[in-house]
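Going down the list, the protein sequences come from chains A and B. All letters in the first sequence, in the order written, are residues 7 to 171 by our numbering. All letters in the second sequence, in the order written, are residues 153 to 350 by our numbering. The C-beta atom is built at its ideal place from N, Cα and C for all residues, glycine as well.
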Amino acid sequence: MTGSHWERWLKDWLKAHPLKGPYTKPDPLFTHEVMERIRSEARQSHLKPRWSFFPKLAYALAGTVAIFTIVWWLRPQPPIGKIVDEIEQGAQTIWDLERIWAELEPDLDFTQTWQEYDRLVLTEVPEGVPSGSKQRGFDRMERLKDKKESLSSSGDFLESEGDWA
Amino acid sequence: MDDDPSIVEAVLNGDTERYGDLVNRYQLAVLRLAFGMVGNMEDARDIAQEAFFKAYRALSSFRKEARFSSWLYRIVVNECRDFLRRKSRQPYGFSLSADPFPNQRDDPLNWFDVADPAQNPRQAAFDREVAKRLANALEQLSLKQRTAFLIHYVHGVSLEETARILGCRLGTAKAHLARALERLRILLGPLLYEEEAP
Numbered sequence: 007m008t009g010s011h012w013e014r015w016l017k018d019w020l021k022a023h024p025l026k027g028p029y030t031k032p033d034p035l036f037t038h039e040v041m042e043r044i045r046s047e048a049r050q051s052h053l054k055p056r057w058s059f060f061p062k063l064a065y066a067l068a069g070t071v072a073i074f075t076i077v078w079w080l081r082p083q084p085p086i087g088k089i090v091d092e093i094e095q096g097a098q099t100i101w102d103l104e105r106i107w108a109e110l111e112p113d114l115d116f117t118q119t120w121q122e123y124d125r126l127v128l129t130e131v132p133e134g135v136p137s138g139s140k141q142r143g144f145d146r147m148e149r150l151k152d153k154k155e156s157l158s159s160s161g162d163f164l165e166s167e168g169d170w171a
Numbered sequence: 153m154d155d156d157p158s159i160v161e162a163v164l165n166g167d168t169e170r171y172g173d174l175v176n177r178y179q180l181a182v183l184r185l186a187f188g189m190v191g192n193m194e195d196a197r198d199i200a201q202e203a204f205f206k207a208y209r210a211l212s213s214f215r216k217e218a219r220f221s222s223w224l225y226r227i228v229v230n231e232c233r234d235f236l237r238r239k240s241r242q243p244y245g246f247s248l249s250a251d252p253f254p255n256q257r258d259d260p261l262n263w264f265d266v267a268d269p270a271q272n273p274r275q276a277a278f279d280r281e282v283a284k285r286l287a288n289a290l291e292q293l294s295l296k297q298r299t300a301f302l303i304h305y306v307h308g309v310s311l312e313e314t315a316r317i318l319g320c321r322l323g324t325a326k327a328h329l330a331r332a333l334e335r336l337r338i339l340l341g342p343l344l345y346e347e348e349a350p
């Protein structure tokens, strides 16, 4: 029997003798069991809270806000520690002292200059500046004062005026 | 009697009880397909119930242009595959000696409907022998070959629909069927030659 002949024969045979297995007619109990399960599921779904659009939207918005809050809270912080260190080291204060020094009239009498400098430093240095920074400013002033005195004695003061600026 | 899409629409519109009409209509086909795949009456019943239940839950995804029977068969086939995978076992097969359903012990040939009082005794004996050998031969097919054979030849589903149910290409489905046919032809061949000989 060839392939096509065999296929045709088998089809005809199966048509005349269908595979029925152990089932001969629909079983009402089977249908009842399936439907009972479906009814049970339907009852449970009625008990569950129904999701409508607006509660979903509210939950979505709340979730978004929560996520943004967490992201904002965890965002990279500025290097506060570094800024604090720099302030403590007096870097900002030294810059202020340089600015104050530059504002002084270079042709003032040195004593007047010193007094003016002292006044400005005392009044303009903000609170909380470490005493070490102030001290460095005063030390520099002292060094310039010594230098001026030594230059005055040698008559070479005018040539080193650039140090005042 | 309403057609399948009408019943599906009624169920989706809230008339849950109408689903019972679909269960009644396809109960035997689903049971036989599941039985053919797993070879055990009790398991086939559980699988068929689960398939109907899952079909109900997924009813909104059923496209009306498709055939409900094909859509349902695909669920059944997937359920059987999952069942066999879960149990990590091969199908029981059609072995008559394995006695898959004790209540049917006295009439093991009821797999195929060979009872025809009008037949002459010689033809009846031949059909009974074919039924017996065919049942044993089906046991020796791979699951894919057997599934393809059951869907196309036993349930009369078209080749295209068979491929869709199996979740494979048309060519692949044809290959499964061709191998199944060849295997069955070899296993049943001697009997057929005996029949042709006289």
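Fewer than three beta-carbon pairs drawn from the region 18 to 29 of chain A and the region 161 to 172 of chain B are found closer than 8 Å, and the two stretches are therefore not classed as touching.
Taking 8 Å as the CB threshold, Phe74 of chain A stays off the interface with chain B.
Residue-level contact check: Val306 of chain B touches chain A, since one or more beta carbons of chain A fall below 8 Å from its beta carbon. Flagged as an interface residue toward chain B: Asp33 of chain A, by a C-beta distance shorter than 8 Å. The way I'd put it, the region 31 to 44 of chain A does touch the region 201 to 213 of chain B; three or more beta-carbon pairs between them come closer than 8 Å. For Glu194 of chain B, the enclosing alpha helix (DSSP H) begins and ends at 193 to 209. Inter-residue distance for Lys216 of chain B and Arg316 of chain B is about 16 Å (C-alpha atoms, whole angstroms).
Annotated three-state conformation of Leu25 of chain A is strand, per DSSP. About 7 Å separates the CB atoms of Arg197 of chain B and Leu183 of chain B; that is less than 8 Å, so the two are in contact. Taking a C-beta distance under 8 Å as the contact criterion, Leu322 of chain B and Glu312 of chain B qualify as a contact pair. Between Asn176 of chain B and chain A, the shortest Cβ-Cβ separation is below 8 Å.
Using beta-carbon distances, Thr70 of chain A does not count as an interface residue toward chain B, since no partner is under 8 Å. Inclusion of Phe264 of chain B and Leu25 of chain A in the CB contact set at 8 Å is warranted, their separation being smaller than that value. The Cβ atoms of Ala300 of chain B and Ala325 of chain B lie closer than 8 Å to each other.
Here Phe214 of chain B carries a coil assignment [DSSP, helix/strand/coil].
Our two residues, Lys62 of chain A and Gly69 of chain A, have alpha carbons roughly 10 Å apart in a direct line. Distance from the Cα of Lys284 of chain B is smallest, within the candidate group A:Leu80, A:Gly27, A:Tyr65, A:Arg49, for A:Gly27.
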